[in-house]
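Protein chains in written order, with the working numbering: chain A, 270 to 542; chain B, 741 to 893; chain C, 4 to 760.
Here a beta-carbon is modelled for each residue, glycine too, at the ideal position from N, C-alpha and C.
Model, not experiment: these values are computed from the prediction.
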């Protein structure tokens, strides 16, 4: 299993990456850690003619507190997010979830921005970030824009990113009062069969669901139920409403719905503990 | 394209296609065949090597991406005749049978112990979640890594 | 002190832990210089008429040649892979007009390097005209869709023993159930790989990842119509086989033909996807068990009906039911037995041997049946087993299935494992959890098993013992280890019998020019046949050396004794008269030393046995089962090297557990495979398994001088039903009687839901 041929451009900072994307447009694909893109290229499900390698763009590798938010450079690796003292202290959920991604080898290469931009609905970090109310800083030829996490994905492996745009930063508001993250897998290494992230802050609870549709979804009915005073058990019972989980070798759609309800109950219990 | 790869302390200037995977550069270009390929999907870990001391799956890294970085394969683990504690642990605990997953398993374990020098058995089991073995049932692999940790104290 | 039974670390390991093994794709042999890389183009449809256009691929840079079926029309088809299989069912070189499973090779591309091969494969244009597909063996058995019109039927083999009619007359309780022993993939970590080169002497040197070098040589020579001595077969290091590499495949064979036509050496390594599509699978039986007996727990009759899925081209899978039949009644004293089997072709990958090959299927069936019967009469499943085990005083014995069991202590094994597991305490904990409404339910599963190794016919194996003039020893064996550590175990045997240090013994295997003959490694045959041959050869070497030493001493042979402590021979009563092994060997032949060739012929197959207790925790909300303990007795006779035997048990247990909990090869109704990589085909990592508790027990076999039986498959055979029974047991109080394997979270959840509705 070998990728189809491509031209290789190495971009060692954000400016170089933007320039390369400007030049090659939708012929090009950004390669960050490559842990999602390269498997697709090996299967020849992705065949970009230009690969822009940003894995050495160290200017996009950082964690810093910025006012009431944590700013994480897009090319910060999962292992660095998981180990970062500030993340562990201010947003322990994010550190916990970063440690659940793939396996140690994947976490040594994969990046938070790469995971977000790949937009796999079963991925852990995008799910956690939706529940955390994160936003994504995107740079393009006409400047910078900020996209809320739950408006970022537009479909399966599809996002609002234009071919000439670069995700540069993930911003996560601080002030989490309680959280729960429940990931269900056959094996530790597997993508989530279903995962649920619940984050409580300012009297409001956000619930995000992995692998319950073509994108990471909010459990809107459950959130509404909680907002109108329902108990966690009742709210969890509606976690799968307005979702469209798929059938595959790992689980049927029915079973995913069941898991979403059970795991939401557990995540909410953890978030209110 | 021309690349400079430092593998096991030696710099190699090679000329490969841009799409060349690190594992093929190691095996086919440099004839370092300890590192094996066991799957197509970043699942099995047989191709695990260290890049700047950290485990990666070399089937899912472009050779071009690690130009200028330091790659270590199992061939480069021993210092002369002195084995790394993980190699010795695998020997002492019979942590291998057919040997095919072994180079990747050993390198994953080296990286694991570098990050967590005093792991519990559960830490070891989860730390090796990215490496599949079909022969040992992992029982002796876990013992081998714990033994290496003990020996490195 | 004897070295046998001691913990000798493997002599194989230094290489594997430093430079790594040399597997087929690692070969840098000068004979392979300039080799073409072969890439097979495989069918993406399960059953279709095809037209192939390979012209565009031929024109790509780096492409040396592209072959399709027409290029081999001048050759006789490859021979059937097994006796008993009709030639009309055998695989062709490449399929010509019809494809019969997804993954079937259609074209072969030879390129300068492997990257060009994948590019060229995309350029081969294949038109598919779909034909009706049959995936379910029940449908295949009706012959509505026939895969091989020349054979006229999908049935490859069928047989019956005993009389099903009236078998259960007089039984107070009869339980009947269909059970699926699902199709699984062997997944050796090393995929198939081979290389070959023709020499100037028209001799073919062939390397392949196989368990059976001499068998491979004979198959290649037969298919290419060459004298056997025109083929030099070399087995490099082999990265696991598990039965699936017992033969070589047509993909291997073709390399030799293409090498001849292109005039270059050839090499091939498949991808994991190809391996999961095309190497072949294991198990794949639909079983119907019926078990009858008295209300107080005496089993009186048992029947097993097997529908074996052989895949598109019947191979070893077709004959698996023979072994299943032979082991049908397992460890139990069941007077009446009937077995009916049919092996049918379907539009799926061929079914091969996989760790246990027919015996795990027998054990899974009877052990599940025992639990079903125990549940029906409300008796503890361990107690039901105890009441029906064959007692030790009956051995040796012939079962109603016709198997000649050599030795067995089944009640002792069961008692030992129950005691080690703390069975009564586990049951108490289970009750406590049930009564307190704990959402983590405990399940306890028991199995008692017996299997057949180095069978079904009495086996034989070759050994050569060569004492060199420097006193070192080289042992040649016809077995072919790929992880089993023969270089260590067999060296221990020779060292023990010759009285030389184990470090002075090396073992040679896997090269048909160096080893005269051999049966390879499979069916857990190696120690009891190959080890016994080394033992016999070592004793014969001592005898021959004693005669030589007697001449040197000018003494009577009867007065010459082997002094193992000193590593040589002396004369009784005159210890100063001493000749070392080196001196005797040099006396025999100054260049080659002393050489003894021997063949060990066993009197019969042996029957290892054991008992397993599995403990699982089931999350009643998600259904997820997790194995938390696994305790086993695996009695394969005296243990030669505990290090290696424990390793075999651990690995076997893990594979058995994995079949029960994780693994299943899936096809959709159109024959599209759903598990084509190791992300979808999920076998566990270390994170999903516990440590295993091994309980020691050693009951010798009377059938070989070492008293040993095979240990390679035992753990697998015992583990699968113990774990399946444990998962069912965890939710039995909710009304669940059976859950098919793999007992996935979803299956458990559904079973709970159905039982409560």
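Residue 780/B versus chain C: which residues are under 7 Å apart at the beta carbon?
Taking the second chain and counting its residues from 1, the one referred to as residue 780/B is at position 40. By Cβ distance, chain C contributes 274, 275, 276, 680.
Is residue 613/C helix, strand or coil by DSSP?
Residue numbering aside, residue 613/C sits at position 610 when the third chain is read from its first letter. DSSP places residue 613/C in strand when its eight states are reduced to three.
Just mark residue 595/C as buried or exposed, buried being the case when its beta carbon has 16 or more other beta carbons within 10 Å.
In the third chain, residue 595/C corresponds to position 592, counting from 1. Burial call: exposed.
Quick check on DSSP: helix, strand or coil for residue 92/C?
The sequence position of residue 92/C within the third chain is 89, counting from 1. In this structure, residue 92/C counts as helix in the three-state DSSP scheme.
Going along the segment 774 to 801 of chain B in order, which residues come within less than 9 Å of chain C, judged by CB to CB distance?
Flagged, chain order: 774, 775, 776, 777, 778, 779, 780, 781, 782, 783, 784, 785, 786.
Out of 764/B, 759/B, 761/B, 769/B, which one is the CA nearest neighbour of residue 903/B?
Past the edges of chain B, shown from 741 to 893, lies residue 903/B, and the structure says nothing about it.
Taking only runs that begin and end inside the segment 420 to 450 of chain A, name each unbroken beta strand (DSSP E) of 3 or more residues, in chain order.
Entirely contained in the segment 420 to 450 of chain A, the beta strand (DSSP E) runs reaching 3 residues are, in chain order, 422 to 424, 435 to 442.
What residue ranges within the segment 808 to 850 of chain B form continuous beta strand (DSSP E) runs of no fewer than 3 residues, ordered along the chain?
Here the runs fully enclosed are 810 to 812.
Given a threshold of 16 other Cβ atoms within 10 Å of its Cβ, counted over all protein chains shown, does residue 880/B qualify as buried or as exposed?
Reading the second chain from its first residue, position 140 is the one you call residue 880/B. Classification of residue 880/B: buried, given that the 10 Å Cβ count is 16 or more.
Classify residue 853/B as helix, strand or coil using the three-state DSSP reduction.
For the purposes of this step, residue 853/B is taken as residue 113 along the second chain, with counting starting at 1. The answer is helix: DSSP assigns residue 853/B an H, G or I state.
Identify whether residue 9/C lies in helix, strand or coil by the three-state DSSP scheme.
The residue you call residue 9/C lines up with position 6 of the third chain. Residue 9/C falls in the coil class under three-state DSSP.
For the beta strand (DSSP E) containing residue 68/C, list its first residue and its last residue.
For the purposes of this step, residue 68/C is taken as residue 65 along the third chain, with counting starting at 1. Here the beta strand (DSSP E) through residue 68/C covers 66 to 71.
Look at the Cβ atom of residue 415/A, then the Cβ atom of residue 406/A, and state whether they are nearer than 8 Å.
As a working note, residue 415/A is residue 146 in the first chain. As a working note, residue 406/A is residue 137 in the first chain. Contact flag set, yes.
To the nearest angstrom, how far is it from the Cα of residue 371/A to the Cα of residue 377/A?
For this step, residue 371/A is matched to residue 102 along the first chain. For this step, residue 377/A is matched to residue 108 along the first chain. Distance between the alpha carbons of residue 371/A and residue 377/A: 10 Å.
Considering Cα atoms alone, identify which of 567/C, 551/C, 431/C, 40/C is closest to residue 502/C.
Numbered from its first residue, the third chain carries residue 502/C at position 499. Nearest of 567/C, 551/C, 431/C, 40/C to residue 502/C, Cα basis: 567/C.
Quick check: the segment 282 to 289 of chain C against the segment 352 to 369 of chain C, are at least 3 beta-carbon pairs closer than 8 Å?
They touch, by the three-pair rule.
Quick one: grab the DSSP three-state call for residue 755/B.
As a working mapping, residue 755/B is identified with position 15 in the second chain. Of the three classes helix, strand and coil, the one that applies to residue 755/B here is strand, per DSSP.
Could you check what DSSP says for residue 394/A in three-state terms: helix, strand or coil?
As a position in the first chain, residue 394/A is number 125, starting the count at 1. Helix at residue 394/A.
Would you tell me roughly how many angstroms separate the C-alpha atoms of residue 733/C and residue 469/C, rounded to the nearest one?
Taking the first residue of the third chain as position 1, residue 733/C is located at position 730. Taking the first residue of the third chain as position 1, residue 469/C is located at position 466. Their Cα atoms are separated by approximately 57 Å.
Taking a Cβ distance cut-off of 7 Å, strictly less, list which residues of the segment 518 to 529 of chain A are near chain C, in chain order.
If the cut-off is 7 Å between Cβ atoms, the segment 518 to 529 of chain A has 518, 520, 521, 524, 527, 528 near chain C.
Could you compute how far the alpha carbon of residue 673/C sits from the alpha carbon of residue 481/A?
Here residue 673/C corresponds to residue number 670 of the third chain, with the count starting at 1. Here residue 481/A corresponds to residue number 212 of the first chain, with the count starting at 1. Distance between the alpha carbons of residue 673/C and residue 481/A is about 26 Å.
Closest Cβ-Cβ distance between residue 485/C and chain B: below 8 Å?
The sequence position of residue 485/C within the third chain is 482, counting from 1. With 8 Å as the cut-off, residue 485/C counts as an interface residue toward chain B.
Quick one: using the 10 Å Cβ neighbour count with 16 as the cut-off for buried, is residue 521/C buried or exposed?
Within the third chain, numbered from 1, the residue matching residue 521/C stands at position 518. By the 10 Å Cβ count, residue 521/C comes out buried.
Between residue 584/A and the rest of its own chain, which residues show a CB-CB distance below 6 Å, the 5 nearest in sequence each way excluded?
The requested residue 584/A is not part of the displayed model; chain A covers only 270 to 542.
Pick out the complete alpha helix (DSSP H) segments inside the segment 317 to 389 of chain A, 4 residues or longer, and give them in chain order.
Counting only runs of 4 or more, we get 347 to 352, 354 to 359, 361 to 367, 373 to 378, 381 to 387.
Looking at C-alpha atoms only, which residue of 749/B, 802/B, 782/B, 890/B is the closest neighbour of residue 722/B?
Because residue 722/B is not part of the residues shown, which for chain B are 741 to 893, the question remains open.
Is any non-hydrogen atom of the ligand MG found closer than 7 Å to the C-beta of residue 828/B, if you look at the structure I gave you?
The ligand MG is not part of this structure, which contains no ligands at all.
Pull up the distance between the alpha-carbon of residue 60/C and that of residue 135/C, whole angstroms please.
Here residue 60/C refers to the residue found at position 57 of the third chain. Here residue 135/C refers to the residue found at position 132 of the third chain. Roughly 30 Å separates the two Cα atoms.
Tell me the DSSP secondary structure of residue 1/C in three-state form.
A question about residue 1/C goes unanswered here, because the residues of chain C that appear run from 4 up to 760.
If I measure Cβ to Cβ from residue 306/C and keep anything under 6 Å in the same chain, skipping five residues before and after, which residues do I get?
As a position in the third chain, residue 306/C is number 303, starting the count at 1. 167, 170, 293, 341, listed in sequence order.
Excluding sequence positions up to five away, which residues of its chain have a Cβ less than 6 Å from the Cβ of residue 377/C?
Looking up residue 377/C in the third chain gives position 374. Taken in chain order, the residues that qualify are 384, 387.
Just the chain B side, please: which residues come within less than 8 Å of residue 357/A by C-beta, in chain order?
Numbered from its first residue, the first chain carries residue 357/A at position 88. The contacting residues do not exist; residue 357/A stays about 15 Å from chain B at best.
Who are residue 470/A's beta bridge partners in DSSP?
For the purposes of this step, residue 470/A is taken as the residue at position 201 of the first chain. Answer is 473/A.
Show which residues of chain B have a CB atom less than 9 Å away from the CB atom of residue 529/C.
The residue given as residue 529/C occupies position 526 in the third chain. Those within 9 Å of residue 529/C in chain B number zero; the least Cβ separation is about 13 Å.
Can you find the residues in the same chain that come closer than 6 Å, C-beta to C-beta, to residue 452/A, ignoring five residues on each side of it along the sequence?
Working through the first chain from its first residue, we reach residue 452/A at position 183. If we look at residue 452/A and ignore the five residues flanking it on each side, its Cβ neighbours are 369, 461, 464.
If the cut-off is 7 Å on Cβ atoms, which residues from the segment 615 to 634 of chain C count as contacting chain A, listed in chain order?
Residues passing the 7 Å Cβ filter: 624, 625.
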